[in-house]
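Since the structure comes first, as structure tokens, the remarks are kept for the end.
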Amino acid sequence: MTTQTTQTTQAAKAAPLPAATPVGYPRIGPGRELKKAEEAYWAGRIDHAEFARRTRELRRATRARLAELGLGAAAAAPESFSLYDQVLDAALAIGIIPDRFASVVGPDGSVGDDGLFALARGTVEQPPLEMTKWFDTNYHYLVPEIGPDTDLHLASQRLVELFTESLEDGAGTRPVLVGPLTLLLLAKAQDGAPEGFDPLDRLDDAVAVYAEILAELAAAGAPWVQLDEPALAADQRLTQTDLADALQRSVGRLAETVPRPQLLVTTPYGGIDDLLPVLLATGVEAVHVDLTRGGLPTVDQLASVGDVQLVAGLVEGRSVWRTELPTAAARLAELRTRVTAAGGSADAISVSTSVSLQHVPHTLDLETSLPAELAATLAFADEKITEIVALAAGDVHPGDIDGPRSVPRTFEGVRVDAVRERAAATTAADTDRAEYAVRAEAQRQALGLPDLPTTTIGSFPQVGEVRAARAAHRKGTLDDAGYEQAMRDEIARVITLQEELGLDVLVHGEPERNDMVQYFAENLEGFATTEHGWVQSYGSRCTRPSILFGDVHRPAPITVGWATYAQSLTPRPVKGMLTGPVTILAWSFVRDDQPLGDTADQVGLALRDEVADLEAAGIGIVQVDEPALRELLPLRVAQHEDYLDWSVRSFRLATSGVQEATQIHTHLCYSEFNVVVGAIDALNADVTSIESARSRGEILEAIDPGAFPRGIGPGVWDIHSPRVPSAEEIADQLRRARAVVGPERLWVNPDCGLKTRGYAETEASLRHLVQATREVRAEAEVPAGA
Ligand code: GLN
Ligand code: ZN
Numbered sequence: 009m010t011t012q013t014t015q016t017t018q019a020a021k022a023a024p025l026p027a028a029t030p031v032g033y034p035r036i037g038p039g040r041e042l043k044k045a046e047e048a049y050w051a052g053r054i055d056h057a058e059f060a061r062r063t064r065e066l067r068r069a070t071r072a073r074l075a076e077l078g079l080g081a082a083a084a085a086p087e088s089f090s091l092y093d094q095v096l097d098a099a100l101a102i103g104i105i106p107d108r109f110a111s112v113v114g115p116d117g118s119v120g121d122d123g124l125f126a127l128a129r130g131t132v133e134q135p136p137l138e139m140t141k142w143f144d145t146n147y148h149y150l151v152p153e154i155g156p157d158t159d160l161h162l163a164s165q166r167l168v169e170l171f172t173e174s175l176e177d178g179a180g181t182r183p184v185l186v187g188p189l190t191l192l193l194l195a196k197a198q199d200g201a202p203e204g205f206d207p208l209d210r211l212d213d214a215v216a217v218y219a220e221i222l223a224e225l226a227a228a229g230a231p232w233v234q235l236d237e238p239a240l241a242a243d244q245r246l247t248q249t250d251l252a253d254a255l256q257r258s259v260g261r262l263a264e265t266v267p268r269p270q271l272l273v274t275t276p277y278g279g280i281d282d283l284l285p286v287l288l289a290t291g292v293e294a295v296h297v298d299l300t301r302g303g304l305p306t307v308d309q310l311a312s313v314g315d316v317q318l319v320a321g322l323v324e325g326r327s328v329w330r331t332e333l334p335t336a337a338a339r340l341a342e343l344r345t346r347v348t349a350a351g352g353s354a355d356a357i358s359v360s361t362s363v364s365l366q367h368v369p370h371t372l373d374l375e376t377s378l379p380a381e382l383a384a385t386l387a388f389a390d391e392k393i394t395e396i397v398a399l400a401a402g403d404v405h406p407g408d409i410d411g412p413r414s415v416p417r418t419f420e421g422v423r424v425d426a427v428r429e430r431a432a433a434t435t436a437a438d439t440d441r442a443e444y445a446v447r448a449e450a451q452r453q454a455l456g457l458p459d460l461p462t463t464t465i466g467s468f469p470q471v472g473e474v475r476a477a478r479a480a481h482r483k484g485t486l487d488d489a490g491y492e493q494a495m496r497d498e499i500a501r502v503i504t505l506q507e508e509l510g511l512d513v514l515v516h517g518e519p520e521r522n523d524m525v526q527y528f529a530e531n532l533e534g535f536a537t538t539e540h541g542w543v544q545s546y547g548s549r550c551t552r553p554s555i556l557f558g559d560v561h562r563p564a565p566i567t568v569g570w571a572t573y574a575q576s577l578t579p580r581p582v583k584g585m586l587t588g589p590v591t592i593l594a595w596s597f598v599r600d601d602q603p604l605g606d607t608a609d610q611v612g613l614a615l616r617d618e619v620a621d622l623e624a625a626g627i628g629i630v631q632v633d634e635p636a637l638r639e640l641l642p643l644r645v646a647q648h649e650d651y652l653d654w655s656v657r658s659f660r661l662a663t664s665g666v667q668e669a670t671q672i673h674t675h676l677c678y679s680e681f682n683v684v685v686g687a688i689d690a691l692n693a694d695v696t697s698i699e700s701a702r703s704r705g706e707i708l709e710a711i712d713p714g715a716f717p718r719g720i721g722p723g724v725w726d727i728h729s730p731r732v733p734s735a736e737e738i739a740d741q742l743r744r745a746r747a748v749v750g751p752e753r754l755w756v757n758p759d760c761g762l763k764t765r766g767y768a769e770t771e772a773s774l775r776h777l778v779q780a781t782r783e784v785r786a787e788a789e790v791p792a793g794a
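With the sequence shown counted from 1, adding 8 to any position gets you my numbering.
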């Protein structure tokens, strides 16, 4: 009780959060300064002092920019800088360093930049921390590894240093840290941890270190600290009751510690429903809610709001569309009414984004070639900050609905009647093929493949000349004919190599594609591409998602020329290679004016035309990749069915128009196979290749022969590592897989495309793969369980 009083007094003295503040801001830099500095440092082109100078300059420029946009007040700008990943930062802050990296910890228990990069990127001795997708986004975080004896302690001064530095640059930022509950829910048990150990078992210890961090930040003069708890918006392995309890034991405990700065807890990526009352009652000073995915909280859910300042995530932080400000203003007014009805203070509400702006590019200002009508409907990070500032200031007028701020999207290409009519006319027959047994027999006759057919996932290593030719063609220094010839030469080389290696189903190697989604976006109608719209994918890696703004259709064949050229060079079957609708949506910025499923259908139909043209041109096998099928799976289980329904439908629209003898493949990666195994089955592909080197047992268990009666290729070579697997280990994997799957259904392939690999390890690994397959083919099958 005493603590409660102290705290209230403390909070009353301190300034409230500014009226407008985003959850986070991109850190890569408008000119990808962070990427460039890191890559120069890693390659040894600059020393650590120069690296530090460049990242310091990036932070100074970022803070100046945010002040210019209206976030100059103390704690208005979140401190979003991270050298690599915010989850890694939080793990390091509290000393979650796996034993296998003990050598990176200094004598004082701290970890410097080089140690951080060692965990993130691996060393000669140690593979890096595993990387996986952050909620339902295309951002990847590093998975902390923790054990029962991990020495949790303050291992990094980064937060205090960044805050102190921000004071030099102005009024001071708001330190941001992934919260303890989310951090441990995203962590995994380190190798060798006892059976049954759950990272959450360390919650109390973690909270104790967070409390130390808060005390240090208070001593440094930070008025506010932000803890991000996105895990509250996703269904977890805990029940809601256990989650509420863990929230109390983490955030609740931290709220009781003294001294500490005022606390803002954010809950991005969705609504938190019944956990909101729990969070509001923890004693923190401010709570952020995502009001774009989650609905407005009810008066009941706000019952414990009291003095808590609500931070209203009214502006969608992960799309590139302008906010309809009058609508957002009306929702803000309704929220004020409800907060007042619940006994809180309506004036205390701040306006924010739904999630960190790290998922959108920095600014529209750099774009010079977007069609003006389209550009007028867009908002990147800087423009979204302008929106929250305007909303907070009440600078929104009913007339804005027709004014410059919310431009109706009615320009050319947004609605194409023929596309809509075609989509509306599709029936169940368009997503059906003949029975699998009939197809399998027709394909056996047409293709004449051996048991355990060998193949690859599509791309071959992208050598320097290929990239140079693509770049020169884009710049205009290499003409169409020269480019065509360069690609053909590469295709011929890759075909010859595959024949020499003895692979059964060949690919053209995808040299013409810089990116498996952008390539299709550039060749389909309905998409626009940006010049500088880079978004961090992980570490120094950025992607430049296309903008899907209009009705999608295919003006002309896209891949047919390359595939038929490849096929003309060899008697063996060449697989046509396409990117599936869900993946195209997942890795683009997609229109939000119609259900995703409607957009997916349009993409599916456009691809259906491409599949038909490939088939007509004599390509007997077509692969439609869906590596992002898992990524877009909703965070709430209740929404899975609807998602799987439309995602499967769009894939089947793309692939069901073919003859029985035409073999449809699909490829999935980054998949927790178990979660989507039903959907994979529903895709109805003849052959599914799937990444499995890092989770092999799991995948073989999930492949119940009864439930998955078609061809399957669990990857036998982990292409994310430069390591060459031996023929023996591949043969072992094949024997195990054959025992589960049976010889008629097992395919032999690597985990994923080979684009990022070098030729030396690719040739050696594929040689082993073919050799292992020949050995296993020659052996009598050992029955399962033997
Ligand atoms: N066909 C693609 C390739 O081989 C698939 C890539 C992926 O799954 N991410 O590159
Ligand atoms: Zn893959």
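Beta carbons: idealized from backbone N, C-alpha and C, even for Gly.
Quick one: give me the first and last residue of the beta strand (DSSP E) that residue i is part of.
| i | result |
| --- | --- |
| GLU533 | 533-536 |
| ASP373 | No beta strand (DSSP E) contains ASP373, which DSSP labels as neither H nor E. |
| VAL297 | 294-298 |
| TYR546 | 543-546 |
| SER734 | Unbroken run through SER734: none, as it is neither H nor E. |
| LYS141 | 139-141 |
| GLY719 | 719-722 |
| ASP236 | 232-236 |
| SER658 | SER658 -> not in any beta strand (DSSP E); alpha helix (DSSP H) instead, spanning 648-663. |
Any idea if residue i is buried or exposed, counting beta-carbon neighbours within 10 angstroms, 16 or more meaning buried?
| i | result |
| --- | --- |
| HIS367 | buried |
| ASP355 | exposed |
| HIS673 | buried |
| GLN671 | buried |
| SER554 | buried |
| ARG562 | buried |
| ASP726 | buried |
| HIS776 | buried |
| HIS516 | buried |
| GLU787 | exposed |
| THR10 | Summary for THR10: the model assigns pLDDT 39, below 50, so the residue's position carries little reliability; its value from the coordinates is reported in the next sentence. The residue in question, THR10, is exposed, as its Cβ has fewer than 16 Cβ neighbours within 10 Å. |
Nearest CA to the CA of residue i: which residue from the options?
| i | options | result |
| --- | --- | --- |
| ARG245 | LEU192, GLU264, ALA216 and ASP308 | LEU192 |
| ALA431 | HIS776, ASP559 and GLY721 | ASP559 |
| SER773 | ARG746, CYS760, SER734 and VAL756 | SER734 |
| ALA263 | LEU287, ALA252, GLU176 and PRO276 | LEU287 |
| ALA341 | GLY187, ILE357 and SER362 | ILE357 |
| THR439 | ASP315, ARG657, ILE154 and VAL404 | ARG657 |
| SER258 | PRO305, LEU100 and GLY187 | GLY187 |
Run through DSSP, which three-state label would residue i get?
| i | result |
| --- | --- |
| PRO207 | helix |
| PHE557 | strand |
| ILE698 | strand |
| GLY517 | strand |
| MET524 | coil |
| ARG549 | strand |
| LYS392 | helix |
| ILE672 | strand |
| THR572 | helix |
| GLU153 | strand |
| SER467 | strand |
| PRO183 | strand |
| ALA51 | coil |
Where does the unbroken alpha helix (DSSP H) through residue i begin, and where does it stop?
| i | result |
| --- | --- |
| VAL590 | 589-594 |
| THR439 | Per DSSP, THR439 belongs to no alpha helix (DSSP H) and is neither H nor E. |
| THR172 | 166-177 |
| LEU777 | 767-786 |
Answer with yes or no whether the minimum CB distance from residue i to chain D is below 8 Å.
| i | result |
| --- | --- |
| GLU649 | Within the model displayed, chain D is absent; a lone protein chain is all it includes. |
Q) In chain order, which alpha helix (DSSP H) runs of at least 4 residues are fully inside the region 245-283? A) 248-255 and 261-264
Q) Taking the runs of the beta strand (DSSP E) that are 3 residues or longer, which of them lie wholly in the region 53-125? A) none
(Q) Extract the residue ranges of the beta strand (DSSP E) inside the region 281-356, only unbroken runs of 3 or more that lie entirely within it. (A) 294-298 and 317-323
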